[in-house]
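Going down the list, the protein sequences come from chains A and B.
The opening residue of the first sequence carries number 1 in the numbering used here; numbering runs sequentially from there.
The opening residue of the second sequence carries number 1 in the numbering used here; numbering runs sequentially from there.
What follows is a short report on a single structure.
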Amino acid sequence: MTLQTPFMAQRDIVASKESTRPASDDGRTASPAPSPGVAKMRSEELRAAFGSNEVLKGITLSIAERRVTAVIGPSGCGKSTFIRCLNRMHEVVPGAQVSGRVLLESQDIYGRGVDPVRVRRRVGMVFQKPNPFPNMTIRDNVLAGLRLNGLKTPNPEALAEKALRRAALWDEVKDSLGRAGSGLSGGQQQRLCIARSLALEPEVLLMDEPCSALDPIATARVEELIHDLCKNYTIVIVTHNMQQAARVADFTAFFYLGELIEYGRTDVIFTRPEKQKTEDYITGRFG
Amino acid sequence: MDRLHTDREYENELTALREQVLLMGARVEEMITQALRSFEERDARLAEEAMAADCQVDQLELEIDEACLQILARRQPVASDLRFITTALKVVTDLERIGDLGVNVCERVIELGDAPPLDVATSISRMAEIAHSMLRDALDAFVARDVAKAEQVIMRDRRVDAYYARLFSELVSYMMKDPGVVQRATRLQSIGRYIERIADHATNLAEMVVFMVRGRDVRHPSVSGPQNDDQGPQPN
Chain A
1 MTLQTPFMAQ
11 RDIVASKEST
21 RPASDDGRTA
31 SPAPSPGVAK
41 MRSEELRAAF
51 GSNEVLKGIT
61 LSIAERRVTA
71 VIGPSGCGKS
81 TFIRCLNRMH
91 EVVPGAQVSG
101 RVLLESQDIY
111 GRGVDPVRVR
121 RRVGMVFQKP
131 NPFPNMTIRD
141 NVLAGLRLNG
151 LKTPNPEALA
161 EKALRRAALW
171 DEVKDSLGRA
181 GSGLSGGQQQ
191 RLCIARSLAL
201 EPEVLLMDEP
211 CSALDPIATA
221 RVEELIHDLC
231 KNYTIVIVTH
241 NMQQAARVAD
251 FTAFFYLGEL
261 IEYGRTDVIF
271 TRPEKQKTED
281 YITGRFG
Chain B
1 MDRLHTDREY
11 ENELTALREQ
21 VLLMGARVEE
31 MITQALRSFE
41 ERDARLAEEA
51 MAADCQVDQL
61 ELEIDEACLQ
71 ILARRQPVAS
81 DLRFITTALK
91 VVTDLERIGD
101 LGVNVCERVI
111 ELGDAPPLDV
121 ATSISRMAEI
131 AHSMLRDALD
141 AFVARDVAKA
151 EQVIMRDRRV
161 DAYYARLFSE
171 LVSYMMKDPG
181 VVQRATRLQS
191 IGRYIERIAD
201 HATNLAEMVV
211 FMVRGRDVRH
221 PSVSGPQNDD
231 QGPQPN
């Protein structure tokens, strides 16, 4: 009987995993790099302004379906304005203007006759500061979106559970759905807001710095949730935190002074960006 | 890179790291110059001097590794900074090995002592000349971020390999004709092998320079690595 050393034992385990790993056609292991695939949304020459102040200067950018796309850039680059144009939130600001096209699949969401409320159902948003509705229970917070949109559901309890499960919050709140939403921790409140968006069955989820008000542990849980959600939803996340973009996003778009400077796979953007401005920004050579 | 980091302390840390790597390169290059000269001149004293510098090289390897670890932990470098740090980690390993190979050459020189030379001087000198110039040029390419120079270094490695193959076959002929030369011949063959390995490590340095500057991994051209060169198109 051959004596098994610890190395030999580990080697055999690794070798047996290797033999069952799927290989690409030429025998090499499959690359983990995401392919862009199909676009769920696309902006074409999107311009946005507040009065005479042009904030977006013609952005043409595709958002890959069921992938996470991060939008990064310094303050004032237009990244929050961009995502607010993706669900027609930009226009609620007095004096706001927008031109160009934003396609959700094949529909221009700024087309004649398009109802912005319906757009916002398909393209949900989560904001920086968790904002559960005060004086509402956890259950009512989740269902608030449906009520505000005049939608009825035959089984609200089941819908609330489904949304809370999808937001990875169900196990923590299932015995206290009647509690006030504002009584939860910051991270839980943010996941409650995500559940509220998910209850409307959106196709796209926009997240405007969703973790900047959260502690590291809550941030990690939300990032883990984002990783799970993108199996079913297309996600666009604006973040100041470049390490977060590097951790969660498949693709990254770098904006500067209202222009799209560079777009690409996150791993490539953060190891060998093409544009000097991108290199300068992500390495901290700005300013 | 013309622009400096906004964080001056970070900029200083990277500058200090670069200077340490250059210092280590300079020490190693000096060691190899002395080691090869000690072989040409059969100078045991020079060989001893060259060997004594190896502990400084080892010390620098430890310091540089520690500095890289600190920067990775504290700064989370990306893009060109990340490539520079990972290059530094690999480069010091190759430099330290070159230093050890220099020591090995010196040890064989001391062993050879005054024994009459075999007529393989041409092969070994040519190898030594090319390997030495490869090391110098690889270090120059690192300093100047000169990809063209680094690529030229990579091309020269096959010439060293060819000279080593010739040296080996010459020494085997000698040993077959006269078993009395075996002791000298095997030491010369070792020296040849060490020089060939120095050239291999210089090639590694040059390959890392290409990666550091361009983000392109040119090692093992017959195998395609996991990276793709381009970022890919936007989705349709």
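Ideal Cβ placement from N, Cα and C applies to all residues, glycine included.
Which one of 74/B, 114/B and 95/B has the shortest CA to CA distance from residue 30/B?
-> Measuring from the Cα of residue 30/B, the nearest candidate turns out to be 95/B.
Under the DSSP definition of a beta bridge, which residues are partnered with residue 108/A?
-> BP columns for residue 108/A point to 103/A.
Close beta carbons around residue 258/A, own chain, < 6 angstroms, minus the five adjacent residues each side = 55, 56, 57 and 78
Drop a sphere of 10 angstroms on the beta-carbon of residue 273/A, count the other beta-carbons inside from all chains shown, and report buried for 16 or more, exposed for fewer.
-> buried
Could you tell me whether the Cβ of residue 6/B comes closer than 9 angstroms to any Cβ of chain A?
-> yes
Roughly how many angstroms separate the alpha carbons of residue 10/B and residue 208/B, rounded to a whole number?
-> One alpha carbon belongs to residue 10/B, the other to residue 208/B, and they sit about 23 angstroms apart.
Does the beta-carbon of residue 153/B have 16 or more other beta-carbons within 10 angstroms, so that it is buried, or is it exposed?
-> buried
Which term fits residue 183/B, buried or exposed, when burial requires 16 or more other beta carbons within 10 angstroms of its beta carbon?
-> That one is exposed.
What are the boundary residues of the beta strand (DSSP E) that residue 208/A is part of?
-> 204-208
Pull up the distance between the alpha-carbon of residue 119/A and that of residue 138/A, whole angstroms please.
-> 25 angstroms
Can a CB atom of chain B be found closer than 9 angstroms to the CB of residue 233/A?
-> no
Taking the beta strand (DSSP E) that residue 53/A falls in, what are its first and last residues?
-> 53-64
Determine the closest residue to residue 53/A out of 16/A, 95/A, 61/A and 82/A, with distance taken between C-alpha atoms.
-> 95/A
In the DSSP assignment, find the unbroken beta strand (DSSP E) run with residue 113/B in it and report its ends.
-> First-last for residue 113/B: undefined, no H or E at that position.
In chain order, what residues of the same chain have a beta carbon less than 6 angstroms from the beta carbon of residue 272/B, not counting five sequence neighbours either side?
-> No answer is possible for residue 272/B: it lies beyond the span of chain B, which begins at 1 and ends at 236.
Would you verify that the beta carbon of residue 39/A is, or is not, closer than 9 angstroms to some beta carbon of chain B?
-> yes
Boundaries (first-last residue) of the alpha helix (DSSP H) holding residue 277/A | 276-283
Buried versus exposed call for residue 181/A [16 or more other C-beta atoms within 10 Å across all chains shown] = buried
Near residue 264/A, what residues of its chain come up, given a Cβ to Cβ distance below 8 angstroms and the 5 sequence neighbours on each side ignored?
-> 251, 252, 273 and 274
Might you give, ordered along the chain, the residues of its own chain that have their beta carbon closer than 7 angstroms to the beta carbon of residue 202/B, omitting 5 neighbours on each side?
-> Only 131, 134, 135, 138 and 153 meet the Cβ criterion.
From residue 142/B to residue 271/A, what distance separates their C-alpha atoms?
-> 19 angstroms
Counterpart residues of residue 260/A in DSSP-defined beta bridges = 255/A
Taking all protein chains shown into account, decide if residue 14/A is buried (16 or more other Cβ within 10 angstroms of its Cβ) or exposed.
-> Result: exposed.
Is the region 135-149 of chain A touching the region 171-180 of chain A in the sense that three or more CB pairs, one from each, lie closer than 8 angstroms?
-> yes
Could you tell me whether the region 84-99 of chain B touches the region 187-203 of chain B, where touching means 3 or more Cβ pairs closer than 8 angstroms?
-> yes
Residue 195/B versus residue 173/B: straight-line alpha-carbon distance, rounded = Answer to the nearest angstrom: the Cα atoms are 21 angstroms apart.
With 9 angstroms set as the bound, which would you pick, yes or no: does the beta-carbon of residue 215/B sit closer than that to a beta-carbon of chain A?
-> At a cut-off of 9 angstroms between beta carbons, residue 215/B contacts chain A.
Range of the contiguous alpha helix (DSSP H) that encloses residue 14/A | 6-20
Quick one: is residue 47/B buried, meaning 16 or more other Cβ sit within 10 Å of its Cβ, or exposed?
-> buried
Against chain A: residues of the region 82-102 of chain B by CB proximity under 9 angstroms | 82 and 83
Quick one: is residue 76/B near chain A, going by C-beta distance under 9 angstroms?
-> yes
What first and last residue would you give for the alpha helix (DSSP H) that runs through residue 82/A?
-> 79-86
Alpha carbon to alpha carbon, what distance is there between residue 191/B and residue 61/B?
-> 24 angstroms
Classify residue 102/B as buried or exposed, calling it buried when 16 or more other Cβ atoms lie within 10 Å of its own Cβ.
-> buried
Mind checking who residue 43/A pairs with in its DSSP beta bridge?
-> 61/A and 102/A
In the structure shown, what three-state DSSP assignment does residue 238/A receive?
-> Strand, per DSSP.
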